[in-house]
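Convert by adding 141 to the 1-based position in the sequence shown; the result is the number in my numbering. Structure, as structure tokens:
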Amino acid sequence: MGKDKLRRFAENLTFECFVQPAFEEAFRRDHPLKGHWHSDFFHNDRPIVLELGCGKGEYTVALAERDPNRNFIGIDIKGARMWRGAKTATERQMRNVGFLRTRIEMIASFFAEGEVDEIWITFPDPQLKSRRAKKRLTSPLFLGQYAQMQVPGGRINLKTDSQHLYAYTQAVIERFGLPCDVANNDIYGSGFADEILSVKTAYEQMFLERKLPITYTRFSLGERRDFPPFDWEGDDTDEKDNEEARKNDISDRTSRSSYANP
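Next comes the structure, spelled out in structure tokens:
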């Protein structure tokens with residue numbers, strides 16, 4: 142492990158906005174902040190917004206700057222990347238920003254029922270292989286976890302370059318009859334991108350340089366709480382092959398935020 146990465150890991154522990162529980166702590170029992178983020182971390186009762194797979198935290202910080210009346214938590218497992226967002230938030234003395242280092246499949250150990258208002262999912266790994274479909278962050282497996290902690294009707298935002306993940310998410314929404322008020326497959330080409338959607342992560346910059354359309358979906362779980370798994374026929378198509386090749390090419394230079402066990 143490089144010295145720079147070790148330095149960042151060490152500095153993360155000095156940031157008040159950074160929460161890094163031991164794996165065993167999250168795996169075996171609920172974290173002490175579960176149900177207490179408002180009182181013990183933010184010290185206010187403002188709505189909490191999560192960014193899942195936050196990477197360097199660009200979106201978390203940008204959203205928090207634009208909306209000081211809400212609290213924002215970036216979640217990822219890559220501590221060296223999260224260092225950038227945590228350091229920026231610390232230097233700017235931002236009190237409505239937090240970062241939680243954990244695997245996303247463990248978030249039920251960190252948030253109580255109704256504790257989360259809104260969720261952002263920005264450029265996650267699309268998990269293109271059919272056998273990994275359940276690890277997509279809009280799969281029934283994850284929706285079930287979000288339902289445990291999100292307020293009824295809370296928004297879920299997905300921003301991705303992956304047409305396959307975009308189509309899969311539409312299929313999930315249709316399958317469960319979920320309310321969806323935005324499904325745009327090219328937010329810049331259609332002129333839909335507003336100030337919030339125009340915030341660009343490092344990944345998005347790469348995709349835009351390649352002239353790839355960026356998609357955006359905004360939906361909610363409504364009152365639904367059960368999400369049985371299902372097989373999507375779209376996973377049997379060949380259209381994702383080129384996307385897989387592009388993903389592998391990009392991975393030669395960097396890798397997307399990691400949130401699930403291999």
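Backbone N, C-alpha and C define an ideal beta-carbon position, used for all residues, glycine too.
Ignore the nearest five residues each way along the sequence and tell me which others in residue i's own chain have a CB closer than 8 Å to its CB.
i      : result
ASN402 : Legend: pLDDT at ASN402 = 39, less than 50; position of this residue unreliable, value from coordinates given subsequently. Around ASN402: ARG244, GLU246.
LEU174 : VAL160, ASP181, PHE182, PHE251
GLU254 : GLN289, MET290
GLN286 : GLU246, ILE248, ALA249
ARG149 : GLY220, ALA221, TRP224
ASN326 : GLN304, TYR307, PRO354, THR356
ARG207 : GLU336, ILE337
With a 10 Å radius around its C-beta and 16 neighbouring C-beta atoms as the bar for buried, classify residue i as buried or exposed.
i      : result
ASN237 : buried
LYS146 : exposed
GLN234 : exposed
ASN298 : buried
PRO265 : buried
ARG277 : buried
LEU154 : exposed
THR378 : exposed
GLU157 : exposed
PRO293 : exposed
GLY332 : exposed
ASP335 : exposed
GLN268 : buried
ALA205 : buried
SER398 : The predicted position of SER398 is uncertain, since its pLDDT is 49 and thus under 50; no value can be drawn from it.
Rounded to whole angstroms, what is the Cα-Cα separation between residue i and residue j?
i      : j      : result
THR231 : HIS184 : 17 Å
GLY330 : THR358 : 15 Å
GLY220 : ALA227 : 10 Å
ASP322 : ARG242 : 31 Å
LYS144 : PRO209 : 35 Å
GLN311 : ASP372 : 14 Å
ALA151 : TRP224 : 10 Å
THR342 : ARG366 : 31 Å
ARG170 : ARG273 : 26 Å
ILE328 : ARG222 : 27 Å
LYS352 : ILE218 : 29 Å
ARG187 : LYS197 : 24 Å
ILE260 : GLY239 : 14 Å
Name the DSSP bridge partner or partners of residue i?
i      : result
VAL238 : PHE213
ALA324 : THR358
LYS300 : THR263, TYR357
LEU191 : ILE214, ILE260
GLN408 : Because residue 408 is not part of the residues shown, which for the chain are 142 to 403, the question remains open.
VAL160 : LEU241
Please work out which residues of its chain come closer than 7 Å, Cβ to Cβ, to residue i, disregarding the five sequence neighbours upstream and downstream, and give them in chain order.
i      : result
ILE189 : TRP178, ASN212, ILE214, GLU256, VAL257, ASP258
GLU374 : none
SER271 : ASP376
Kindly give me the distance between the Cβ atoms of residue i and residue j, rounded to whole angstroms, as I take these residues to be in contact under 8 Å.
i      : j      : result
LEU282 : PRO369 : Between PRO369 and LEU282 the Cβ distance is about 10 Å, and since that is not below 8 Å, they are no contact.
LEU319 : GLY363 : 6 Å
ILE355 : ASP302 : 6 Å
ARG316 : SER361 : The Cβ separation is near 15 Å, so there is no contact.
Ignore the nearest five residues each way along the sequence and tell me which others in residue i's own chain have a CB closer than 6 Å to its CB.
i      : result
ALA203 : VAL340
ILE262 : LEU193, LEU278, LEU299
VAL313 : THR279
GLY176 : ALA253
TYR344 : PHE264
GLU199 : THR342
Relative to the ligand GTP, is the shortest distance from any of its heavy atoms to the C-beta of residue i smaller than 7 Å?
i      : result
ILE218 : Within the structure as shown, the ligand GTP is missing, as the structure has no ligands at all.
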